[in-house]
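Heads up: the protein sequence lines correspond to chains A and B, in order.
All letters in the first sequence, in the order written, are residues 1 to 202 by UniProt numbering.
All letters in the second sequence, in the order written, are residues 1 to 202 by UniProt numbering.
By construction, the Cβ of each residue, glycine as well, lies at the ideal position given by its N, Cα and C atoms.
Number of protein chains: 2
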Amino acid sequence: MHFTKDRINALDTRTRAHFINSLSGFKSANLIGTQDVQGQTNLSIVSSVIHLGANPPLVGMIIRPHSVARHTFENILQTSVYTINQVNQAIYSQAHQTSARYDRNESEFDATGLTAEYLMDFQAPFVKQSRLKYSVKLVEHQHLAVNGTELVIGEIIDVYVDDNAVEADGFIDLHAIDTVAITGLDSYHTTVKLARLPYAKK
Amino acid sequence: MHFTKDRINALDTRTRAHFINSLSGFKSANLIGTQDVQGQTNLSIVSSVIHLGANPPLVGMIIRPHSVARHTFENILQTSVYTINQVNQAIYSQAHQTSARYDRNESEFDATGLTAEYLMDFQAPFVKQSRLKYSVKLVEHQHLAVNGTELVIGEIIDVYVDDNAVEADGFIDLHAIDTVAITGLDSYHTTVKLARLPYAKK
């Protein structure tokens, strides 16, 4: 099937959103934990978390500042800290529910039954049920004028992960801790390991 | 297990790369097809392709300009066009092999046995074996000074996808076309569908 640019532009907004969101491939599923300066917590599922570099350890995500993730972005600007918590099979329905449009004074932790957890005096809440999570300090955000989104860049500080998942060479077995992947706007997947391939040489 | 920032920084470079690359979660697996103005083709596996927006249809990727992907970046700057081709289970080993350090005058198509295909007179090669692929026009690239990478932003033009994969509401079933996901630097996965969840409401 061939979809031309004109045919894609002619799709209604919701259909185009489903279609275009499928093109990039599998996406990561993460919950972003934040709080404002008064301590009001927020939790938001984000499918745009992306590896930026290992040296220094940096992680990025794309946020739409006027979307349902607006409180997350505002809290990060206020406090400069957040947590990233991988979504696993046991909590993916609750994680998805955080995308509902709750008011600023409602916590998605309370609304979904996920448990806020504070570790090492870090000033943002973790998700207790997540099996791989880390604290992040805001480095900068770049405005993408092309569509009004923000690339939020953070430094990875402390990492908490299930004991059995970290292999000798540093690789973390996300399959073993039931981390899920997202496609499109709303589809969740577990995985089957094909293989780890050796470093490619000519 | 708790990994502090100091403990992470003390890891050797390769171990830290495996570890940090695992933190973002599942990543997309795509082959970027390009050619230079002389028509020399290049193909490069990239795990950083990310959805940026559906209106207009935009796709991003993070490129390290001095890495093995340098020819890809240079070709995109020269010609302003590229293709993105999802990696599926039948070709993931060949796709991984494109990450070897081939010379500028060697084509990864020839080296890996993947087939270059030209569609609709677009001036960049597609991967014939890919079951979801699209032509992209460069919009802009933003330099991320924090670690010297480039965020390459492109407009999605023509999309080619297997007939049976597009559902009535625009969602594309990546599981049905055997698209794979990546974790870390070198681990490949197929998927098992959990569910599509309804739009979340309070």
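**OP:** Note down the Cα distance separating A:Y160 from B:R14, rounded to an integer number of angstroms.
**Re:** 20 Å
Original post:
Could you give the distance in angstroms between the alpha-carbon of B:S93 and the alpha-carbon of B:L43?
Top reply: 14 Å
**OP:** Measure the alpha-carbon distance for B:A90 versus A:K201 and round it to whole angstroms.
**Re:** 20 Å
Original post:
If you run the structure through DSSP and keep just helix, strand and coil, what is A:R104?
Top reply: coil
Original post:
Counting Cβ pairs, one atom from each stretch, are 3 or more of them under 8 Å apart for the region 136-147 of chain A and the region 39-55 of chain A?
Top reply: Verdict: no, contact absent.
Original post:
With 16 as the cutoff for other CB atoms within 10 Å, does B:Y188 come out buried or exposed?
Top reply: Around the C-beta of B:Y188, 16 or more other C-beta atoms lie within 10 Å, and the residue is accordingly described as buried.
**OP:** List the residues of chain A that B:H175 touches, going by C-beta distances under 9 Å, in chain order.
**Re:** T183, S187, H189
Original post:
Using CA coordinates, which residue listed in B:T112, B:P57, B:S24 is at the minimum distance from residue 203 of chain B?
Top reply: Absent from the structure is residue 203 of chain B, since the part of chain B shown begins at 1 and ends at 202.
Original post:
Can you find a C-beta in chain B that's less than 9 Å from the C-beta of A:I63?
Top reply: By this cut-off, A:I63 is not an interface position.
Original post:
Would you say B:H96 and A:I172 are within 9 Å of each other, going by their C-beta atoms?
Top reply: No, the pair does not count as a contact, with Cβ atoms beyond the cut-off.
Subject >> A:H2 - DSSP class collapsed to helix/strand/coil >> reply: strand
**OP:** Pull up the distance between the alpha-carbon of B:R196 and that of B:I156, whole angstroms please.
**Re:** B:R196 and B:I156 have their C-alpha atoms roughly 25 Å apart.
Subject >> Exposed unless 16 or more other CB atoms sit within 10 angstroms - verdict on A:D186 >> reply: A:D186 counts as buried, since no fewer than 16 other beta carbons sit within 10 angstroms of its beta carbon.
Original post:
Under the DSSP definition of a beta bridge, which residues are partnered with A:M61?
Top reply: In the DSSP output, where bridge partners are listed per residue, A:M61 has A:V152.
**OP:** To the nearest angstrom, report how far apart A:A176 and A:T83 are at their CA atoms.
**Re:** 22 Å
Subject >> Proximity below 9 Å, CB of A:V127 to CB of A:L194 >> reply: no
Original post:
Using a C-beta cutoff of 9 Å, does A:A10 count as contacting chain B?
Top reply: No, A:A10 lies away from the interface with chain B (no Cβ there is under 9 Å from its Cβ).
Subject >> Cβ of B:K128 within 9 Å of any chain A Cβ >> reply: Not closer than 9 Å to any Cβ of chain A, the Cβ of B:K128 fails to qualify, so no.
Original post:
How long is the line joining the alpha carbons of B:V139 and B:D158, rounded to whole angstroms?
Top reply: About 15 Å.
Subject >> Bridge partners - A:G184, DSSP secondary structure assignment >> reply: DSSP output for A:G184 lists no bridge partner at all.
Subject >> Proximal chain A residues relative to B:V37, where beta-carbon distance stays under 8 Å >> reply: Simply none; closest approach about 24 Å.
Subject >> Three-state secondary structure assigned by DSSP to A:T115 >> reply: coil
**OP:** Could you spell out where the beta strand (DSSP E) holding A:L132 opens and where it closes?
**Re:** 132-144
**OP:** Please check if any C-beta of chain A sits within less than 9 Å of the C-beta of B:H51.
**Re:** yes
**OP:** Using a Cβ cut-off of 7 Å, pull out every chain B residue sitting near A:V166, in sequence order please.
**Re:** M1
Subject >> Bridge-paired residues (DSSP) for B:V88 >> reply: Before going further, note that residue 88 of chain B is Asn rather than Val in the sequence given. BP columns for B:N88 point to B:T179.
Original post:
Taking just the CA atoms, how far does A:V59 sit from A:F3?
Top reply: Answer to the nearest angstrom: the Cα atoms are 33 Å apart.
Subject >> B:S130 beta carbon less than 9 Å from that of B:M120 >> reply: no
Original post:
Which runs of the beta strand (DSSP E) fall wholly inside the region 1-83 of chain B and span at least 3 residues, in chain order?
Top reply: 30-35, 41-46, 50-54, 57-63
**OP:** Can you grab the Cα-Cα spacing for the pair A:L174 / A:V87, in whole Å?
**Re:** 10 Å
Original post:
DSSP three-state call for A:D169: helix, strand or coil?
Top reply: coil
Original post:
Cα-Cα, which of A:F122, A:P125, A:S67 is closest to A:D103?
Top reply: A:S67
Original post:
Closer than 9 Å, Cβ to any Cβ of chain C: which residues of the region 87-113 of chain B, in chain order?
Top reply: Of the protein chains in this structure, namely A and B, none is chain C.
**OP:** Just mark A:G148 as buried or exposed, buried being the case when its beta carbon has 16 or more other beta carbons within 10 Å.
**Re:** exposed
Original post:
So what does DSSP say about B:F122, is it helix, strand or coil?
Top reply: DSSP places B:F122 in coil when its eight states are reduced to three.
Original post:
With 16 as the cutoff for other CB atoms within 10 Å, does A:M61 come out buried or exposed?
Top reply: buried
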